[in-house]
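Protein chains in written order, with this note's numbering: chain C, 80 to 650; chain A, 80 to 650.
This is the structure:
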């Protein structure tokens, strides 16, 4: 591509509402333009990247045996009423009335439409399993669209839906899709993790989210050093310490601690690390307050707490008045020793392994030292209550956990019979009996991947594309070709050579000055840059630089071509 | 592709509302399924065809220097108010309110959005000309959606918009697009014509519609035998006869003709052909009635008549009472001889070349024989008033006209400054002066082409795809492979051989009986069919048949492969 024949429109200033780096860089590079809140035009440059992602997704879906189709964006209300989602989906559903007052929505997802298709098309177990997918524009009327295409209202999605006679078959296709997703993100050159997800709301059997790792990610992910285990930090299990609890060594001692309320205060006051301090949190239970005990250096995981049988399905901290009424003591001095019998004491696994610990004295300005479970304090139940931390053992026993932040770009989900049951989608089995189908669904945010990749791959000069996503793999920058026919000739020659080798190369023949040209090529993130200048041509060399390296090298023609042959073979 | 791994779902019965053959065949072949009125799901089979069309369109647009981008489907009301089309576009515009009560529409076309994009992106004449295109889903809320994807509400369109400093530049790109469209339809293997279109409403300079020729087409097209001239029949010019009008030979004679009113009656009564009879039609003019005179075998073209200065911009026939009041004579007996002076006599070019003709006598039950212009009858004006007919000379002087029916699938249009003016889209010229841009727009109905191709290419057994549009170029039908390992082996071998040669081939391994399998393959229209049977394998041959031929041939392996090498080279 000759850039003089293309539309490159980089800009210096971006609107203040571009809060995250991918949004700013996509605007600055001229990949997207805002049409309305959460609604973006993909410029020619942006579309090249979007299509690269789309192509890899399509190839891997095809390879995994999924069959592409195309469902409409406009969907009739009647189908959504069959599953009850016309109401339940909430405000994100963009509802529409046509000229005949028929009610429709702009599809935010296609479970209803594909299940309707399947119940009409699939009659026999012989047609199963089958996995339909599409790459198609969706709309979700986000209440606060932001972050550019990261959380846009109109977006491009790949969604797949598989149909099965049995749960086992659903599980097999689920694994095939899991593997396909791993190949997709690997081919795109992204650092990612497949993360166990909560299946609570929909009630399926298994679910994984695929996250692109980036410091700016909204979700914290715990992953194992020794396996592919990964889970949202909120969901990762904290194992009990391997070593048994030591026997008590110290005697219980009541210590006055005026004004010493926080773990930090206690730790300093007693001259011990926070992990030897026990903190006690009072929350509202089904019947009165409940005490949750954790090590001073650990944080309560409210999702885990909410699942305790003593709690009403959510974890709500008790207020100061409630605490004083139930214990006669102000917050900061509560502990398990001598706590009123009516309050259950739930102890985190790590806290349960402590001996000779310090805890609140259940009286204002008082603590206990040398406290021990059983001997001094009741244990109603030991449970996993805390958030995992860096260095915790992995729940699968293989290595330790690291914590990273991630951006969700894919989701695989076993839907079970939820939709097929609601919409009466069944097939005849081998015995001629009608059986409700099992379903899986598998989504990828195609347009979101573009933004996530930038969050992961950028520097001060701009985007640093992985090869597979770059708008062009290489750029040839020509310095003052009008002044020197030899320079123009050398650039044209190299351009033709690279094209002939199948390298997707851009010839920057726009006639910009070198500084502006280099800034553009760096900003839009081309992985390989070759500069053709008068001095280089005189020396028989080109100046080559990788986008992710700071140094350039003088290479002759053969060396430049060899470079692309090597990378072509690797990709 | 192994068809056992694909989703083929042909059906026997189609709904009664499938009125045209393409709609019926697309449903029977299982290419589309209706979701709601005018809203269709493209099944895997249908999508394969749609993607073939899309690909050819994309390749030729790229080749013609157009640059692909992707604009949103949801567009804000504010832009449409700038051009006044929020009201003017009418009921086809699907209007939408989002959760914050903002007003939007589902884009039926993108002039507003692209002009907004251009006014922000294009600052200098140096960036011109530029031609942006997209292939994208559109919605028009048709009051009566029908004919399947031929007139659907949600449809796939390629739309392109070019921007220019001058009208001349616009004209050059217009020609480039015209040629690209011709290549697209030629590559798709369709019989088509580029037809001069009426530019009245939008007021641009030039406009052509591209029509796929098919007997079921809604539009009648006149095209020349000796050139690429083609026009909608309503717009094709009827030339004056080449020979001069003969001198009068007969005397004017008044003849009683009781009850002889129609051209057919007159022709029979006088024993002369219809082309020697003059028919006179009275229409409402700006001031009183106007007489339009045509040859008895010609039809009035109301679009041409409406443009006469004597008419008020439309052509409305006078009622019987008006005629009697103005002439004292009942309809059927009106003629130019002795017509009241107040009524202008506009004579069609062909009628003006008549001598010694028969016409109405301006008295009930009376005609004139031997009538002649000038000598007997006034001529206010000679004009082109009639519809062209088969065999007329071509307006460009090259050969004669034929008439065919067509389906509009593409449209190229010079918009001029209409949108750029309304939306303030200008660039700086070489003198640094702001100048409003000129625009062209170029649309192709991608999904409509699929239906139009079927209207043109089908037989009693189903669709007969042109090679470039077929879901697969070839099908291998295997007869009873489970009973005979050699048959299975021969089929697999041929399948691999064809794939290795880059032939897009389907192996029908679904295990159907031969009759059902052949019916499916014919219905879905695969151009080449190779049958692998026990008898054939024993004889070392395959049974080959082209979809558009009635006879099959026994060919050995080498001959089958040679066949596809030949067609590959041709395509």
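Every residue, glycine too, gets a C-beta built ideally from N, C-alpha and C.
In this text, all values refer to a predicted model and were calculated from it rather than measured experimentally.
How should residue 503 (chain A) be labelled, buried or exposed, when 16 other C-beta atoms within 10 angstroms of its C-beta is the threshold for buried?
As a position in the second chain, residue 503 (chain A) is number 424, starting the count at 1. The residue is exposed, with fewer than 16 neighbouring Cβ atoms inside 10 Å.
Tell me the residue span of the beta strand (DSSP E) that contains residue 493 (chain A).
For the purposes of this step, residue 493 (chain A) is taken as residue 414 along the second chain, with counting starting at 1. Start and end: 480-495.
Cβ of residue 559 (chain A) less than 8 Å from any chain C Cβ?
Taking the second chain and counting its residues from 1, one reaches residue 559 (chain A) at position 480. It does not; no Cβ of chain C falls within 8 Å.
Can you give the Cα-Cα distance for residue 583 (chain A) and residue 275 (chain C), rounded to whole angstroms?
The sequence position of residue 583 (chain A) within the second chain is 504, counting from 1. The sequence position of residue 275 (chain C) within the first chain is 196, counting from 1. Between residue 583 (chain A) and residue 275 (chain C), the C-alpha separation is close to 40 Å.
With a Cβ-Cβ cutoff of 8 Å, do residue 290 (chain A) and residue 486 (chain A) count as a contact?
Against the second chain, residue 290 (chain A) aligns to sequence position 211. Against the second chain, residue 486 (chain A) aligns to sequence position 407. It is a contact, given that the beta carbons lie within the stated cut-off.
Chain A beta carbons: is any one of them nearer than 8 Å to that of residue 250 (chain C)?
The sequence position of residue 250 (chain C) within the first chain is 171, counting from 1. It does not: the Cβ of residue 250 (chain C) has no partner Cβ on chain A nearer than 8 Å.
Are any of the Cβ atoms in chain A nearer than 8 Å to that of residue 115 (chain C)?
In the first chain, the residue the question calls residue 115 (chain C) occupies position 36. At least one chain A Cβ lies under 8 Å of residue 115 (chain C).
Look up residue 235 (chain A) in the DSSP assignment and say whether it is helix, strand or coil.
Stepping through the second chain from its first residue, residue 235 (chain A) is reached at position 156. Looking at residue 235 (chain A) - three-state DSSP - the assignment turns out to be strand.
With a threshold of 6 Å on Cβ separation, who are the neighbours of residue 114 (chain A) within its own chain once the five nearest residues in sequence on each side are excluded?
Walking along the second chain from the start, residue 114 (chain A) turns up at place 35. Result list for residue 114 (chain A): 120, in chain order.
Alpha carbons only, please: which of C:333, C:399, C:107 is nearest the one belonging to residue 417 (chain C)?
Residue numbering aside, residue 417 (chain C) sits at position 338 when the first chain is read from its first letter. Closest by alpha carbon: C:333.
What residue range does the alpha helix (DSSP H) around residue 594 (chain A) cover?
In the second chain, counting from the first residue as 1, residue 594 (chain A) sits at position 515. Where residue 594 (chain A) is concerned, the enclosing alpha helix (DSSP H) stretches over 593-602.
Which stretch, first to last residue, makes up the beta strand (DSSP E) that contains residue 579 (chain C)?
Walking along the first chain from the start, residue 579 (chain C) turns up at place 500. Run containing residue 579 (chain C): none in the beta strand (DSSP E); it sits in the alpha helix (DSSP H), 564-579.
Which value, in whole angstroms, describes the spacing of the CA atoms of residue 483 (chain A) and residue 300 (chain A)?
As a working note, residue 483 (chain A) is residue 404 in the second chain. As a working note, residue 300 (chain A) is residue 221 in the second chain. Rounded to the nearest angstrom, the two C-alpha atoms are 5 Å apart.
Run through the stretch 496-535 of chain A for me and flag every whole beta strand (DSSP E) of 3 or more residues, listed as ranges in chain order.
Listed in chain order, the complete beta strand (DSSP E) runs (minimum 3 residues) inside the stretch 496-535 of chain A are 505-507, 513-515, 517-524.
Please compile the residues from chain C whose C-beta is within a distance smaller than 7 Å of the C-beta of residue 150 (chain A).
Translated into positions along the second chain, residue 150 (chain A) becomes position 71. Under the 7 Å cutoff, chain C gives 120.
To which residues does DSSP link residue 445 (chain A) through a beta bridge?
In the second chain, residue 445 (chain A) corresponds to position 366, counting from 1. According to DSSP, which records beta bridges pairwise, residue 445 (chain A) is partnered with A:335.
Compare the C-beta of residue 209 (chain A) with all C-beta atoms of chain C and state if any pair is closer than 8 Å.
Translated into the one-based positions of the second chain, residue 209 (chain A) becomes position 130. Closer than 8 Å to some Cβ of chain C, the Cβ of residue 209 (chain A) qualifies, so yes.
Return the bridge partner residues of residue 622 (chain C) from the DSSP annotation.
As a working mapping, residue 622 (chain C) is identified with position 543 in the first chain. Note: residue 622 (chain C) sits in a beta bridge opposite C:610, C:633.
Just tell me which of A:430, A:438, A:459, A:452 has its CA closest to the CA of residue 465 (chain A).
For the purposes of this step, residue 465 (chain A) is taken as residue 386 along the second chain, with counting starting at 1. Cα-wise, what sits closest to residue 465 (chain A) is A:430.
Curious, which full-length alpha helix (DSSP H) runs of at least 4 residues does the stretch 103-163 of chain C contain?
Taking only runs of at least 4 residues, the alpha helix (DSSP H) segments lying wholly in the stretch 103-163 of chain C are 123-142, 156-161.
Within 8 Å, do at least three Cβ pairs link the stretch 116-136 of chain C to the stretch 523-530 of chain C?
Verdict: yes, contact present.
To be precise: take each residue of the stretch 141-170 of chain A, compare its Cβ to all Cβ atoms of chain C, and keep it if any distance is under 9 Å. Which residues remain?
Correct list: 144, 146, 147, 148, 149, 150, 151, 152, 153, 154, 155, 157, 158, 170.
On the DSSP letters alone, give me the boundaries of the alpha helix (DSSP H) that residue 558 (chain C) sits inside.
In the first chain, the residue the question calls residue 558 (chain C) occupies position 479. From DSSP, residue 558 (chain C) is part of no alpha helix (DSSP H); its letter is neither H nor E.
How long is the line joining the alpha carbons of residue 305 (chain A) and residue 258 (chain A), rounded to whole angstroms?
Looking up residue 305 (chain A) in the second chain gives position 226. Looking up residue 258 (chain A) in the second chain gives position 179. Roughly 19 Å between the two C-alpha positions.
Roughly how many whole angstroms lie between the Cα atoms of residue 366 (chain C) and residue 476 (chain C)?
In the first chain, counting from the first residue as 1, residue 366 (chain C) sits at position 287. In the first chain, counting from the first residue as 1, residue 476 (chain C) sits at position 397. If I take the Cα positions, the gap works out to 37 Å.
So, under 8 Å CB-CB, residue 347 (chain A) and residue 434 (chain A) are touching, yes? Tell me the CB distance rounded to an integer number of Å.
To locate residue 347 (chain A), count along the second chain from 1; it is residue 268. To locate residue 434 (chain A), count along the second chain from 1; it is residue 355. In fact, because the Cβ distance is near 21 Å, the residues do not count as touching under 8 Å.
So is residue 85 (chain A) in contact with chain C if we call contact Cβ pairs under 8 Å?
Translated into the one-based positions of the second chain, residue 85 (chain A) becomes position 6. Yes, residue 85 (chain A) counts as interfacial toward chain C.
Going by DSSP, name the residue or residues bridged to residue 185 (chain A).
Numbered from its first residue, the second chain carries residue 185 (chain A) at position 106. Paired residues: A:153, A:173.
Counting contacts by CB-CB distance shorter than 8 Å, is residue 586 (chain C) in contact with chain A?
As a position in the first chain, residue 586 (chain C) is number 507, starting the count at 1. Output row for residue 586 (chain C): interface = no.
Could you check whether the Cβ of residue 562 (chain C) sits closer than 8 Å to any Cβ belonging to chain A?
Numbered from 1 along the first chain, position 483 holds the residue referred to as residue 562 (chain C). Output row for residue 562 (chain C): interface = no.
Roughly how many angstroms separate the alpha carbons of residue 395 (chain C) and residue 359 (chain C), rounded to a whole number?
Counting from 1 along the first chain, the entry for residue 395 (chain C) is found at position 316. Counting from 1 along the first chain, the entry for residue 359 (chain C) is found at position 280. In a straight line, the C-alpha of residue 395 (chain C) is about 14 Å away from that of residue 359 (chain C).
To the nearest angstrom, how far is the alpha carbon of residue 85 (chain A) from that of residue 112 (chain C)?
Translated into the one-based positions of the second chain, residue 85 (chain A) becomes position 6. Translated into the one-based positions of the first chain, residue 112 (chain C) becomes position 33. Roughly 39 Å separates the two Cα atoms.
Just grab the DSSP bridge partners of residue 452 (chain A) for me.
Taking the second chain and counting its residues from 1, the one referred to as residue 452 (chain A) is at position 373. A:456, per the DSSP bridge assignment.
Counting only Cβ pairs nearer than 8 Å, list the residues of chain A close to residue 223 (chain C).
As a first step, residue 223 (chain C) must be located in the first chain, where it is residue number 144. What residue 223 (chain C) touches in chain A: nothing, since even the nearest Cβ is about 10 Å away.
If you measure from the beta carbon of residue 173 (chain C) to each beta carbon in chain A, is any gap under 8 Å?
Reading the first chain from its first residue, position 94 is the one you call residue 173 (chain C). Output row for residue 173 (chain C): interface = yes.
So the candidates are A:472, A:513, A:177, A:589; which of them puts its Cα closest to the Cα of residue 319 (chain A)?
Here residue 319 (chain A) corresponds to residue number 240 of the second chain, with the count starting at 1. Taking only the C-alpha atoms, the option nearest residue 319 (chain A) is A:472.
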